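K.L.:
The opening position of the sequence shown corresponds to residue 4 in the working numbering, with each subsequent residue numbered one higher.
By construction, the Cβ of each residue, glycine as well, lies at the ideal position given by its N, Cα and C atoms.
As the structure is a computational prediction, the values presented were derived from the model and not from experiment.
My structure is below; once you've seen it, I'll send some questions.
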Amino acid sequence: MGSFQIEPSAKIDSVHLNVCNIDQSLQFYKSFLGFKIVKNKSSSVFLSPDGKPPYLIALTETMTKNPNTKNAGLYHFAVLLPQRKDLANFLSHLLQHGDDVRIDGFSDHLVSEAIYIRDPNDIGIEIYCDRKKSAWEWDNGQVRMTLDPLDIKGLQNDATQSWDGFPTGTTIGHVHLHVSDLAEVKKFYSEILGFKNTASMKGALFFAAGDYHHHIATNTWLGKDVQPANSHLAGLDYFTIKISHDMLNDLIKKLNEHNVPLTRLEDNSISIFDQDKISIHFIS
Ligand SMILES: [Fe+2]
């Protein structure tokens, strides 16, 4: 079996989240964050920056509870803003409403600047913007990412207007997952799915398609005894990765070579589970 690489244009397309109370979640995602509804379908609501397709987030009300076990799944999903001024505008909005929202932190990762918050179901959300690629530091295929404090004052000074929701061009830049075993992760995401391992740090591995810093991050920070992902809990149901039709066919061959079970879905897409039973849909 030769080395398999996912195509450079592969990217995270959307996250599907299970929530306990759709009205409570919409209060947060719509009224506070400013997402707009693309469509309602049965018990799910689909959200995008401008109310037009494609959606970025799907919320489904389920008979779930917040987990009281340590399960593999979402550490956070990350909403990528087009420009630094957008992050500055969001920061001002957040600080004005800080009492209503759980803020996890602020970080300068060198490749990006990031704000971490939590939704009503304790689902982690990163809101971030990238620095110019020319500022990223690569060494032998590994990109340098720091955990420095964010320049909050400097960012606040770049705010241009009051927050009016996410600008067009906002995407899901990456997902960050709790997993049980990094060696297994590397085998699955790198050897089988063909993502490049772009960075490693204590208990964490980062993977990307093309020349991005990372589309998928994984960590074992919950400990080794983490249980498999459980889509009956509030949190991640699945995330989707967009690839071309040809790439999907190549990937299906690769999954078959490795005996990874897959389910064919409508619209030229498949669903698979990773090594920790986290559900991934590849769509083309
Ligand atoms: Fe992240």
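If you drop the 5 nearest sequence neighbours on each side, which residues of the same chain put their C-beta closer than 8 Å to that of A91?
P.N.:
The answer, listed in chain order, is L158, Q159, N160, D161, A162 and T163.
K.L.:
What are the start and end residues of each continuous beta strand (DSSP E) run of 3 or more residues lying completely inside the region 98-141, in chain order?
P.N.:
Fully enclosed beta strand (DSSP E) runs of 3 or longer: 105-111, 115-121 and 127-133.
K.L.:
Which residues share a DSSP beta bridge with Y32?
P.N.:
The partner list for Y32 (beta bridge, DSSP) is empty, contrary to what the question assumes.
K.L.:
Based on Cα-Cα distance, which residue from G226, H218, G206 and K227 lies nearest to F242?
P.N.:
It is H218 whose Cα lies nearest to the Cα of F242.
K.L.:
Which value, in whole angstroms, describes the spacing of the CA atoms of E187 and V146?
P.N.:
Whole-angstrom Cα-Cα distance: 22 Å.
K.L.:
State yes or no: is the C-beta of H100 nearer than 7 Å to some heavy atom of ligand 1?
P.N.:
Every heavy atom of ligand 1 is 7 Å or more from the Cβ of H100, so no.
K.L.:
If distances are taken between C-alpha atoms only, which option among I130, H96 and F93 comes closest to H177?
P.N.:
Selected option, being the one with the closest Cα: I130.
K.L.:
Our contact map puts L62 next to L239 with C-beta atoms below 8 Å; I'd like the distance itself, whole angstroms only.
P.N.:
Rounded, the Cβ-Cβ distance is 12 Å, inconsistent with contact.
K.L.:
Relative to the alpha-carbon of A263, which residue among L208, T149, Y192 and R134 has its alpha-carbon at the smallest distance?
P.N.:
For the record, residue 263 in the displayed sequence is Val; it is not Ala. Taking only the C-alpha atoms, the option nearest V263 is Y192.
K.L.:
Name the residue from L36, C132 and D122 whose alpha carbon lies nearest to the alpha carbon of Q99.
P.N.:
The candidate whose alpha carbon is nearest that of Q99 is L36.
K.L.:
Please tell me whether, using a cut-off of 7 Å, the distance from the CB of A186 to the nearest non-hydrogen atom of ligand 1 is below it.
P.N.:
No, since every heavy atom of ligand 1 falls outside the 7 Å radius drawn around the Cβ of A186.
K.L.:
Is the beta carbon of N200 sitting closer than 8 Å to the one on K189?
P.N.:
It is a contact, given that the beta carbons lie within the stated cut-off.
K.L.:
How do the region 167-174 and the region 49-63 stand: do at least 3 beta-carbon pairs fall below 8 Å, yes or no?
P.N.:
Enough Cβ pairs lie closer than 8 Å, so yes.
K.L.:
How is Q230 classed by DSSP in three states: helix, strand or coil?
P.N.:
Three-state result, Q230: strand.
K.L.:
Starting from the Cα of S115, find the closest Cα among K39, L97, R121 and L150 and give me that residue.
P.N.:
Checking every option, the nearest Cα to that of S115 belongs to L150.
K.L.:
For D122 and L50, I'd like the C-alpha separation in whole angstroms.
P.N.:
So the two alpha carbons sit approximately 15 Å from each other.
K.L.:
Given that a residue counts as buried once 16 or more other Cβ atoms are within 10 Å of its Cβ, and exposed if not, what is T173?
P.N.:
Result: buried.
K.L.:
Can you tell which of I118, R87 and P52 has the C-alpha that lies nearest to the C-alpha of A81?
P.N.:
Comparing Cα positions, the closest option is I118.
K.L.:
Which runs of the beta strand (DSSP E) spanning at least 3 residues fall entirely within the region 212-286, listed in chain order?
P.N.:
For the region 212-286, whole beta strand (DSSP E) runs of length 3 or above, ordered along the chain, are 219-222, 238-245, 266-268, 272-276 and 282-286.
K.L.:
Helix, strand or coil, according to DSSP, for F198 in the structure here?
P.N.:
Residue state, collapsed to three classes: coil.
K.L.:
Considering only heavy atoms of ligand 1, list every residue whose Cβ is less than 5 Å from one of them, following chain order.
P.N.:
Matched residues: A81, E129 and H179.
K.L.:
Starting from N143, trace the alpha helix (DSSP H) in both directions and tell me its first and last residue.
P.N.:
Premise fails: N143 is in no alpha helix (DSSP H) and is neither H nor E.
K.L.:
So the alpha helix (DSSP H) G157 belongs to, where does it begin and stop?
P.N.:
Taken as a continuous stretch (DSSP letters only), the alpha helix (DSSP H) holding G157 covers I155 to N160.
K.L.:
Looking only at C-alpha atoms, which of R87, E269 and A211 sits nearest to S11?
P.N.:
In the sequence as displayed, the identity of residue 11 is Pro instead of Ser. Nearest C-alpha to P11: A211.
K.L.:
Are V104 and I126 touching if we call contact CB-CB under 8 Å?
P.N.:
Not a contact, by the Cβ cut-off of 8 Å.
K.L.:
K205: buried (16+ other C-beta within 10 angstroms of its C-beta) or exposed?
P.N.:
K205 should be labelled exposed.
K.L.:
Helix, strand or coil: how does DSSP classify I25 here?
P.N.:
Note: I25 maps to helix in three-state DSSP.
K.L.:
Is it the case that the Cβ atoms of H179 and H79 are separated by a distance below 8 Å?
P.N.:
Contact: yes.
K.L.:
According to the neighbour-count rule (16 or more other Cβ atoms, all chains shown, within 10 Å of its Cβ), is I106 buried or exposed?
P.N.:
The residue is exposed, with fewer than 16 neighbouring Cβ atoms inside 10 Å.
K.L.:
Is DSSP giving E10 helix, strand or coil here?
P.N.:
If DSSP states are grouped into helix, strand and coil, E10 belongs with coil.
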